[in-house]
Structures are given as structure tokens and as C-alpha cells.
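Asks:
There are 2 protein chains.
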Amino acid sequence: MGKQDEKKFVEHITPRSEDFSQWYTDVILQSELVDYAPVRGCMVIRPYGYAIWERIQQEADRRFKATGHENVYMPLLIPESLLLKEAEHVEGFAPEVAWVTQGGNETLQERLAIRPTSETIFCAMYSKWVGSWRDLPMKYNQWCNVMRWEKSTRPFLRTSEFLWQEGHTIHETPEEAQEETLQMLDVYREVAEKELAMPVLCGRKSDSEKFAGAVATYSMEAMMQDGKALQAGTTHNFGTNFAEAFEIQYLSRDGKLEYVHETSWGISTRLIGAIIMTHGDERGLRLPPRIAPIQIVIVPIAAHKGGVTEKANEVFRQLTDAGFRVKLDDRDTVSPGFKFNDWELKGVPVRLEIGPRDIANDQATAVRRDTCEKAPVALKTLAEDLRKLLDEIQQNLFDQAAKLRDGRITDVHDMSELTEAVQTGFAKAMWCGDPACEDKIKQETTATSRNMPFDQTPVGDACVCCGRKADKVIYFAKAY
Amino acid sequence: MGKQDEKKFVEHITPRSEDFSQWYTDVILQSELVDYAPVRGCMVIRPYGYAIWERIQQEADRRFKATGHENVYMPLLIPESLLLKEAEHVEGFAPEVAWVTQGGNETLQERLAIRPTSETIFCAMYSKWVGSWRDLPMKYNQWCNVMRWEKSTRPFLRTSEFLWQEGHTIHETPEEAQEETLQMLDVYREVAEKELAMPVLCGRKSDSEKFAGAVATYSMEAMMQDGKALQAGTTHNFGTNFAEAFEIQYLSRDGKLEYVHETSWGISTRLIGAIIMTHGDERGLRLPPRIAPIQIVIVPIAAHKGGVTEKANEVFRQLTDAGFRVKLDDRDTVSPGFKFNDWELKGVPVRLEIGPRDIANDQATAVRRDTCEKAPVALKTLAEDLRKLLDEIQQNLFDQAAKLRDGRITDVHDMSELTEAVQTGFAKAMWCGDPACEDKIKQETTATSRNMPFDQTPVGDACVCCGRKADKVIYFAKAY
Chain V
107 MGKQDEKKFV EHITPRSEDF SQWYTDVILQ SELVDYAPVR GCMVIRPYGY
157 AIWERIQQEA DRRFKATGHE NVYMPLLIPE SLLLKEAEHV EGFAPEVAWV
207 TQGGNETLQE RLAIRPTSET IFCAMYSKWV GSWRDLPMKY NQWCNVMRWE
257 KSTRPFLRTS EFLWQEGHTI HETPEEAQEE TLQMLDVYRE VAEKELAMPV
307 LCGRKSDSEK FAGAVATYSM EAMMQDGKAL QAGTTHNFGT NFAEAFEIQY
357 LSRDGKLEYV HETSWGISTR LIGAIIMTHG DERGLRLPPR IAPIQIVIVP
407 IAAHKGGVTE KANEVFRQLT DAGFRVKLDD RDTVSPGFKF NDWELKGVPV
457 RLEIGPRDIA NDQATAVRRD TCEKAPVALK TLAEDLRKLL DEIQQNLFDQ
507 AAKLRDGRIT DVHDMSELTE AVQTGFAKAM WCGDPACEDK IKQETTATSR
557 NMPFDQTPVG DACVCCGRKA DKVIYFAKAY
Chain W
107 MGKQDEKKFV EHITPRSEDF SQWYTDVILQ SELVDYAPVR GCMVIRPYGY
157 AIWERIQQEA DRRFKATGHE NVYMPLLIPE SLLLKEAEHV EGFAPEVAWV
207 TQGGNETLQE RLAIRPTSET IFCAMYSKWV GSWRDLPMKY NQWCNVMRWE
257 KSTRPFLRTS EFLWQEGHTI HETPEEAQEE TLQMLDVYRE VAEKELAMPV
307 LCGRKSDSEK FAGAVATYSM EAMMQDGKAL QAGTTHNFGT NFAEAFEIQY
357 LSRDGKLEYV HETSWGISTR LIGAIIMTHG DERGLRLPPR IAPIQIVIVP
407 IAAHKGGVTE KANEVFRQLT DAGFRVKLDD RDTVSPGFKF NDWELKGVPV
457 RLEIGPRDIA NDQATAVRRD TCEKAPVALK TLAEDLRKLL DEIQQNLFDQ
507 AAKLRDGRIT DVHDMSELTE AVQTGFAKAM WCGDPACEDK IKQETTATSR
557 NMPFDQTPVG DACVCCGRKA DKVIYFAKAY
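Residue numbers (my numbering), protein chains in the order written: chain V, 107 to 586; chain W, 107 to 586.
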């Protein structure tokens, strides 16, 4: 990359070190992932951003189906009376609900909520569909839009409307519900780590951080490059809370009426924000090959010279046929240098340059987006070599993120250590279990408890806040 | 099928000849495609129904992408001021808009419409994104939910909320926009005819039937088994109507500011209703193999006998690996007869019975849902034979539907012939072009003009209504 190009980027994208938040905004707008909509707090997901979402959907959906889940579609609107049925739930969501009060020219008798989440409507249907234990489990999921009337919004991270999937399942026994809750967390972890190359910490939420109406909430937490936490997916075990409110009963194997045990779980377009803030750099996005809409961009060099355009087209067809997601950038209105910048900004994992010298040597020149390393690739073994290269890039992005994260997790033993640790990363601490300690930490540091990891190997024996005896290992961090 | 089973069906599904509308309702509820929601006019799409929609989406989406379209996501809510910008458009949609007036605890300053369709928001974004002719065309599509506050509703056919895709494209020239409008109609025709095995009549809508704000609307019209028309997909050429209202201008090749030429087009979950009413029979659904969620159901016969369960499992794995969508019905709580009824109701194209006698003969017994014909299939050539059989069923369903339709299209020359023809099917007539004649026909017969087919070979020279000189060939029918 030449000096002038570098300068151009300095002008365009705010450096991460200077203002991480502005860097994020610069990157998402310039890479054309998203745009602001003429509706308060809502976003327009542009083709390049939506193509990432489609990749995430595909990878998650096939795992949902492989674990026995089926997709359905429930109505967007939920009558107020239905939303009010589970007390904790309505308390948690009512303040951020958008209400429909008019249909055509008539004023509605009852307000209708645009779903902030769909537990209540799934429950209403489950109570209608379940008869006996033979009908269980029911393991349904839906891909849809939801709306939460947020006060301050940021594209992908927190918007009034967003896209997500919400799984809702009902089971015979508490054990099965718990197993489902943990299984889906593990499916999420696999999607995050294998597809998004994003390491996550999985564990249980504290009672004050759990979902409105849940008995237990589990989350996967990722660390962004500014050291802040992003809750990237949650799964909930409701026990019989909703079943009791909605009277979802089944005739058990013993011939008794019993309440079902229920779970729900969700990931959203927020994951796109997580990818950006996990992998991006000063030049823009760096997309993991497995979810990149374009894995390889071919840029012809000196395209006017004999054979270059032909060879570029030939390679494009060859790689497309081999199953890669490939783009041939044959624009004749911009220079190769402009194209390099453009595709680096868009985070395409591999750029393949093909020029007269390459052709003379029966090769192309591959440039990795993750390391900017440049190396010749023989045309004879192109597909095979690129497959390896993409795997390497995928792994390297994961390793870089894991290294950065692990270097910023600090075992802390008192408030002063905690306060310092959460300036740059996660604090791993002992906690007595008292919500008052969580509150105090939040008040004093703005950090919140993230989750209690499954590996509970102690890092001390006294609560990081009150000093009393403590047996819970927990992460604290500032969070998105 | 035994007598008792037949009796069971007579009790369950109203015969088509007796009450087609009740037959439809019986079939969609009993086959568990859909259920009524606790929200006025809305439906719950159950797993089996949603799986059909996923198949339709896949088949349509790959064709959209192959013709150069990209998916995006636009906000659900549209500010009233934006909806009001194009006069005809708002007039067409305002009466059926659901309005959000409250967000959380605040009353909104401006009402927000839940999108009945998204022309206005696409236009707002296009006006922001387009600079010069180099940015054109922009060919975007979105898969989403929309809402129209309908007075009377029927699942799939007309509901307050439904799922659809809406393509929105902008172009440099009127010719390109027209080409796009016709190309997408042809894509729809291909999806309908090749995937849904549903023959359609393509043509242009009359001015009174066109979309609010369009210069020209084209449709594909299918005939249901009761002879009524179902508009199965529409494409619109807006000319510069919306571009002028929303100021979508680009710098042309001549350096002048010009308005873009715009199109939009959509198909919806309505197609599921169309499949049911095109192919269904007294036993329930008959699904075309290409969109059937389950193409082959394996039913073990005398499963307790040695080797049957093993062989059924082996065949299941073999067919699944060969790429078929297969279900093994190994329930031990119901009889084979019950299973036969169940999968016939659900319209699975092929039932494969495997019993001791089959195994002894190295065969299985295949039963076609379309004809109920039963024939042995050698296990040795099973995959190959089933592939052929599914292709045959797909073709036969199309042929049956085309035959039924063609037999019910009548060339008519006066009002009396037209009135009779639309009792049982479509009337093909000459029309002078005067909307007053369409009105009169609608008043007298409840039939509406469907479209003017591309093949305008005359069926007379006088208007079917007023008798004046007429040069337009047009279809009239009662419609869903």
C-alpha cells in the first residue's frame, strides 16, 4: 500500500486508539454494512451487511436443525393482556415496548405490542398444542424482527428494531430443559468460535442480570478490542414460571397434569457488531473467511495488457466452481490501488492479484487481509492453496483475538485491582453472591457482572467487594 | 386404505364439492400448516407450513441472486410523513395501515406506520445512495413481514400480517426498468410452474387493478380448483413516479440530473394457499416434490418382525445421503393405517412401505400420493427409481392442474357468456379499455379483470360488455 493510500485512510477512519467508538462508526458506514434510517433508532442493513447476516443465519440454522429444532413464524403483534400474564416478564419489557393503537381508521380496543421477544405468544400457542407427554418436547425457533424502544442506539449493537432468532422449547422434565439450555449455549459458542473466529466466555448470569422471567440465564461474553464486554448470545431456563402463568400443562406418563419446563435462547444482528469490534483494524473490517460474503477478490493488474483480463476471468470461474465466494473487480474506472483500499476496508480475507508478471510465472499473488502478507501462489494448485490459506486466516483471527483477550483478563482480589482491571479488560473475581456487592461495583466502576464461568476454579476466597467469604468465580467488565 | 380410514376422513375433511372454502380450512388446520393466533387476523405458521415457505424462499432467492439482486433489510416502521409523499400510493394503502403511536411511555410526535410495503423507505434510501449513472442499477430485495389491516381474513390468502419478499430496483433508462419488470415476472412464473407445479397466466393488469403508484403492473394468475383466480405474484414498473416524489436523481452520462426509473415486485406466503387449492384433494394436501418438506416417508410394516426396523433405518440413511428429504415414521403407538392417513393428509409425495415380504423380495413398496398407485421398487435401484418417480409426480401435478385450468377457460363474447363462464372458471374476452366496462362486469358478476395476457391473439372484435370495437384480450374471473 502506497503512502498516499495510507494517508487517505488516516483521513477517513478514526484510529482505534484515538476513539474506538468513532472508529466503529467510521468503519460500519464506510464499508457500507449499514446506514441510518429515517426512523428513530432504526438501521438499514445494506447488502454487504445483510450478506454477513445470511452467512450467520445459515451456520446457526443448520445447527438448530441438526439438534432437532424446527422453524415457525409467530405474529408480530402481542395483545397487551397477553404480555401482562407473567409478572416479572412484563416488568422487564413494558418500558421499552412500541404500541400499536390504531388499525386503519379504527382505534383499537386493546393496545398491541410489537414483540420485544415472543415468550408470551409461544406460550399461548403451546398451551393450545400440548396434550400429553407424547407431544413433548416441542423445540421451535423463529427468525424475525423484534423491537425495543431504546433511548440511545448504535447500529448493530443496540437499535430499536433488530433481527434475531428466538428458540422456544418445552420439555417434560427439569433435567431436559436444563440440558437444552446448556446445549444451545454450546451451539452458540461453536458458531461464535468456529464461524466468527470470536472466542467467548460461557457461564451463568447472576440473578440481577438474568432475563425477566427466567430461573437461570446463561450467556457467552466476548471481549471487544477496547476491553469491553459484549454479550453475544443468551439462553434461558424458565422452569415452570411461564407454564404456570399460561397454564401449559400436559398429561404425564403417570396420568397426572403437570406443567412443562421451558427454555428460550437468542442471537441477533448484534453479532455483526461483535465481528467488527473483535477483528477490525485501522484499514477497516477483517472478516473471518467462513462468514465473509466475499472470500477472495481478484484484482487484475495492468488489465489492458494482453491476456490479463482473460486469465482473471478464467481464475474467477475456476474458483467459483470450486465453491469459493469470489468477486472479480474488473472496474476500469478506478486504479488497482483504489481497489486494494476498497477491499481492505471491506475486510475481504484474500486479495488475488493477477498481472502480466504473474501470468508469465504461472502464478497469482495472494495478499492476506489479516497480516497483509503477500505471497505467490501457483495457478496449478490455486484452489487447494487458497483453501489452506483461508483456513489459516480463520485460525489466525481467532488466535489473535484469544491472545488479546487472555492478556486482558486479570485475577483481582479487591476493589482497587478490580477498578484498574476493568479500564482495559475483564476482572476475574470471587463474589459472595450478594446483589448489593454487584450494585456497589456498578456504581463505583460502571462495570457489571458478566457471568460465572463453568470452570469455577477459585482465584481467592474473599468477596472482591465486601471481603466476606466467597465461593463464586465471576467476571466483571464494562459492557456494550 | 381400509374402509374405516376412509370413513375417518369423510368425518374430518369437508368434501371440496360440498364446500370448497371449508375444505380449505379443514385441510390447513388438520395438516398443521397453520393455526389461528390470539391476535385479530394474524396467523401462526407451524413447522410444516414454515418448511414449505423455506423451500419457496430458497428457490426464489437463488433465482434473485442469479439475476444480480442483493438482499437488504429496511426498517419495519415508516414515519407518516414519508408514507404521504407519493399521493396515489398513500391513497391506496392508508386505509389499511396499523399505526404505532406510543414508544415505551412516551406518546410519539409523529405516527409510525407498520410497513404495508416498503416503496417509500427504499426511495428515501435510494435518494441518499445514488450519485451518478455509475451507481445504477441498484437491485435490492428483502424478505420480511408486512402488515395490512384487513377486514376479513383467511390464513395464507389474506391476513393482517404476512411474510413476503419485496424487490425494489432503480435504473438509468425506462427500457431497463421495463426489462426488469418483465424479467422478474418470468422468474416468478418459473418458480410457480417448475417448483410449485402450478400453471400461471402472465400478463398486464388494467389501470384500475394496478398497484397504487405504478405506471404498469404485471401479474401471474393461477386458477384454483373452484375456478377462482388467485393473484400469485405481481411486478410493477413505477416509471419516475416515486423518483419525482422522493427526488431520486442521478448525474447522467451527459452530465444532467435525471430521475431514476424504478420497479418493485413481490411474492408472499399466499403461495402456500395457492399450492393447497391447486393440488389438494379429499384426503388432504398433495405437495409437489420440489417444495415438499418431506419427499418420501418410510413406513415400516410389521416392525416387530425380524429385520424390518433395521432395513427401514438402512433405507432412511441411504436415501438421506442421496439427498432426498426423508422421514422415517417409526412411531410404535399408532398403526400403519393411521400413518398412511396422516402422511396422505400432509401430502408427502411418496410413501415407502417396508415389510417382511418386501425385504424377502429385495424391494420396497412405493405409493404415489398424486395417483395413489402402488408399485414395488427394487432396493438395488431405489434412489434412481425414486428420483424418476418424484419427477413424474411433479410433472403429473402440473399436468393435472393445467388440464383442469385449460378446461375452464372459456372464450366469451357477451355478458351472458361471461356471467356463465366465471361461475366455474376464467372468461377470456375482448375489452374496449374503458374502466366503466370493468366496473359494470364487477357489479353484475363479482368477477374482476385479472390481466391482459402477452399473447393478444383476438377472440373477437367487440367489447364483451359495451359491444364497441375492442382490441384488448383480457381475462375475467372471480378472485381470492
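All residues carry an ideal CB built from backbone N, CA and C; glycine is no exception.
Near asparagine 251 of chain V, which residues of its chain fall below 6 Å by C-beta distance, leaving aside the five closest residues on each side in sequence?
Replies: Taking the first sequence and counting its residues from 1, one reaches residue 251 of chain V at position 145. So the list reads Glu267, Leu269, once near-sequence residues are dropped.
Asks: Counting only Cβ pairs nearer than 9 Å, list the residues of chain W close to aspartate 141 of chain V.
Replies: If you number the first sequence from 1, residue 141 of chain V lands on position 35. Going along chain W in sequence order, the residues near aspartate 141 of chain V (Cβ under 9 Å) are Met231, Lys234, Trp235.
Asks: Check whether the Cβ of arginine 514 of chain W lies closer than 8 Å to any Cβ atom in chain V.
Replies: Residue mapping note: residue 514 of chain W aligns to position 408 of the second sequence, counting from 1. Closer than 8 Å: no.
Asks: In terms of residues, what are the limits of the alpha helix (DSSP H) holding arginine 168 of chain V?
Replies: Residue mapping note: residue 168 of chain V aligns to position 62 of the first sequence, counting from 1. That run of the alpha helix (DSSP H) goes 153-172.
Asks: Pairing CB atoms from the segment 201-218 of chain V with CB atoms from the segment 167-176 of chain V, are three or more of them under 8 Å?
Replies: No, the segment 201-218 of chain V is not in contact with the segment 167-176 of chain V.
Asks: Is the beta carbon of isoleucine 119 of chain V closer than 8 Å to that of valine 140 of chain V?
Replies: By 1-based counting over the first sequence, the position of residue 140 of chain V is 34. By 1-based counting over the first sequence, the position of residue 119 of chain V is 13. Cβ distance not < 8 Å, so valine 140 of chain V and isoleucine 119 of chain V don't count as in contact.
Asks: Output the boundary residues of the alpha helix (DSSP H) element that contains proline 399 of chain V.
Replies: By 1-based counting over the first sequence, the position of residue 399 of chain V is 293. Careful: proline 399 of chain V lies outside any alpha helix (DSSP H) and carries neither H nor E.
Asks: Please classify leucine 363 of chain V as buried or exposed, where buried requires at least 16 other C-beta atoms within 10 Å of its C-beta.
Replies: Mapped onto the first sequence, residue 363 of chain V falls at position 257. Label assigned to leucine 363 of chain V: exposed.
Asks: Which one or two residues does DSSP pair with isoleucine 345 of chain V in a beta bridge?
Replies: Numbered from its first residue, the first sequence carries residue 345 of chain V at position 239. Checking the sequence shown, residue 345 of chain V turns out to be glycine, not isoleucine. V/Glu368.
Asks: Quick one: is glutamate 48 of chain W buried, meaning 16 or more other Cβ sit within 10 Å of its Cβ, or exposed?
Replies: Outside the shown range of chain W (107 to 586) lies residue 48 of chain W, about which nothing can therefore be said.
Asks: Name the residue from W/Gly198, W/Val203, W/Ala318 whose alpha carbon lies nearest to the alpha carbon of arginine 254 of chain W.
Replies: Taking the first residue of the second sequence as 1, we reach residue 254 of chain W at position 148. Cα-wise, what sits closest to arginine 254 of chain W is W/Val203.
Asks: I'd like the span of the alpha helix (DSSP H) that includes arginine 122 of chain W, first residue to last.
Replies: Residue mapping note: residue 122 of chain W aligns to position 16 of the second sequence, counting from 1. Where arginine 122 of chain W is concerned, there is no enclosing alpha helix (DSSP H), given that its DSSP letter is neither H nor E.
Asks: Could you give the distance in angstroms between the alpha-carbon of isoleucine 465 of chain W and the alpha-carbon of serine 187 of chain V?
Replies: As a position in the second sequence, residue 465 of chain W is number 359, starting the count at 1. As a position in the first sequence, residue 187 of chain V is number 81, starting the count at 1. The alpha-carbon atoms of isoleucine 465 of chain W and serine 187 of chain V are separated by roughly 57 Å.
Asks: Do you know offhand how far proline 559 of chain W's Cα is from threonine 471 of chain V's?
Replies: As a working mapping, residue 559 of chain W is identified with position 453 in the second sequence. As a working mapping, residue 471 of chain V is identified with position 365 in the first sequence. Cα-Cα distance, rounded: 54 Å.
Asks: Got a sec? Which residues, its chain only, sit under 7 Å from glutamate 350 of chain V by beta carbon, not counting five neighbours each side?
Replies: Here residue 350 of chain V refers to the residue found at position 244 when the first sequence is read from its first residue. The answer, listed in chain order, is Tyr365.
Asks: Which class does isoleucine 134 of chain V belong to by DSSP, given the choice of helix, strand or coil?
Replies: Within the first sequence, the letter at position 28 stands for residue 134 of chain V. Here isoleucine 134 of chain V sits in helix by DSSP.
Asks: Can you find a CB in chain W that lies within less than 8 Å of the CB of tyrosine 356 of chain V?
Replies: To locate residue 356 of chain V, count along the first sequence from 1; it is residue 250. For tyrosine 356 of chain V, the answer is no, since every Cβ of chain W falls outside 8 Å of its Cβ.
Asks: Is there a Cβ from chain W that is less than 8 Å from the Cβ of histidine 118 of chain V?
Replies: Start at 1 with the first residue of the first sequence, and residue 118 of chain V comes out as number 12. No, histidine 118 of chain V does not count as interfacial toward chain W.
Asks: Compute the Euclidean distance between the alpha carbons of asparagine 480 of chain V and glutamate 498 of chain V, then round it to the nearest angstrom.
Replies: Walking along the first sequence from the start, residue 480 of chain V turns up at place 374. Walking along the first sequence from the start, residue 498 of chain V turns up at place 392. Reading off the sequence, residue 480 of chain V comes out as lysine, not asparagine. Going from the Cα of lysine 480 of chain V to the Cα of glutamate 498 of chain V covers about 14 Å.
Asks: Which word fits valine 440 of chain W, buried or exposed, when buried means at least 16 other C-beta atoms lie within 10 angstroms of its C-beta?
Replies: Along the second sequence, read from residue 1 onward, the residue named residue 440 of chain W stands at position 334. When all chains shown are included, valine 440 of chain W counts as exposed.
Asks: Between which two residues does the alpha helix (DSSP H) carrying tryptophan 449 of chain V extend?
Replies: Numbered from its first residue, the first sequence carries residue 449 of chain V at position 343. First-last of the alpha helix (DSSP H) with tryptophan 449 of chain V: 442-451.
Asks: Give a yes or no on whether the C-beta atoms belonging to cysteine 148 of chain V and proline 181 of chain W are separated by under 8 Å.
Replies: Along the first sequence, read from residue 1 onward, the residue named residue 148 of chain V stands at position 42. Along the second sequence, read from residue 1 onward, the residue named residue 181 of chain W stands at position 75. Yes, they are a contact pair.
Asks: Do you know offhand how far glycine 185 of chain W's Cα is from histidine 385 of chain W's?
Replies: Taking the first residue of the second sequence as 1, we reach residue 185 of chain W at position 79. Taking the first residue of the second sequence as 1, we reach residue 385 of chain W at position 279. Per the sequence shown, residue 185 of chain W should be read as proline rather than glycine. Approximately 42 Å between the Cα atoms of the pair.
Asks: I need the DSSP call for asparagine 502 of chain W, collapsed to helix, strand or coil.
Replies: In the second sequence, residue 502 of chain W corresponds to position 396, counting from 1. Three-state DSSP puts asparagine 502 of chain W in a helix.
Asks: What is the DSSP secondary structure of proline 559 of chain V, counted as helix, strand or coil?
Replies: Along the first sequence, read from residue 1 onward, the residue named residue 559 of chain V stands at position 453. Residue state, collapsed to three classes: strand.
Asks: Quick test of your reading: arginine 295 of chain W and methionine 326 of chain W, contact by CB under 8 Å. State the CB separation rounded to the nearest angstrom.
Replies: On the second sequence, position 189 is the one that residue 295 of chain W refers to. On the second sequence, position 220 is the one that residue 326 of chain W refers to. About 6 Å; that satisfies the 8 Å criterion.
Asks: Which chain V residues are close to valine 203 of chain W, counting only those with a beta carbon under 7 Å from its beta carbon?
Replies: For the purposes of this step, residue 203 of chain W is taken as residue 97 along the second sequence, with counting starting at 1. By Cβ distance, chain V contributes Gly210.
Asks: Mind pulling the chain V residues with CB within less than 9 Å of arginine 169 of chain W?
Replies: Translated into the one-based positions of the second sequence, residue 169 of chain W becomes position 63. Within chain V, no residue comes near arginine 169 of chain W; the closest Cβ sits about 16 Å away, beyond 9 Å.
Asks: For the pair the segment 484-495 of chain V and the segment 517-524 of chain V, tell me if three or more CB-CB distances fall below 8 Å.
Replies: Cβ pair count under 8 Å is below three, so no.
Asks: Could you give the DSSP three-state label for tyrosine 588 of chain V: helix, strand or coil?
Replies: Here chain V covers residues 107 to 586 and nothing more, so residue 588 of chain V does not appear.
Asks: Given a cut-off of 8 Å on the beta-carbon distance, is the pair glutamine 500 of chain W and proline 395 of chain W in contact?
Replies: Here the question's residue 500 of chain W lines up with position 394 in the second sequence. Here the question's residue 395 of chain W lines up with position 289 in the second sequence. Yes, Cβ-Cβ distance for glutamine 500 of chain W and proline 395 of chain W is below 8 Å.
Asks: Use the C-beta contact count for aspartate 125 of chain W: other C-beta atoms within 10 angstroms, 16 or more gives buried, fewer gives exposed.
Replies: Residue mapping note: residue 125 of chain W aligns to position 19 of the second sequence, counting from 1. With fewer than 16 Cβ atoms within 10 Å of its Cβ, aspartate 125 of chain W is classed as exposed.
Asks: Could you give the DSSP three-state label for leucine 336 of chain V: helix, strand or coil?
Replies: In the first sequence, counting from the first residue as 1, residue 336 of chain V sits at position 230. It is a strand residue.
Asks: For asparagine 419 of chain W, would you say it is in contact with chain V, using Cβ-to-Cβ distances shorter than 8 Å as the test?
Replies: Counting from one through the second sequence, the residue named residue 419 of chain W turns up at place 313. No, no contact with chain V.
Asks: Check whether the Cβ atoms of glutamate 450 of chain W and arginine 475 of chain W sit closer than 8 Å, and answer yes or no.
Replies: Taking the second sequence and counting its residues from 1, one reaches residue 450 of chain W at position 344. Taking the second sequence and counting its residues from 1, one reaches residue 475 of chain W at position 369. For glutamate 450 of chain W and arginine 475 of chain W, yes; Cβs fall inside 8 Å.
Asks: Listing by chain order, which chain V residues have their CB less than 8 Å from the CB of glutamate 160 of chain W?
Replies: For the purposes of this step, residue 160 of chain W is taken as residue 54 along the second sequence, with counting starting at 1. Neighbours of glutamate 160 of chain W on chain V, chain order: Asn177.
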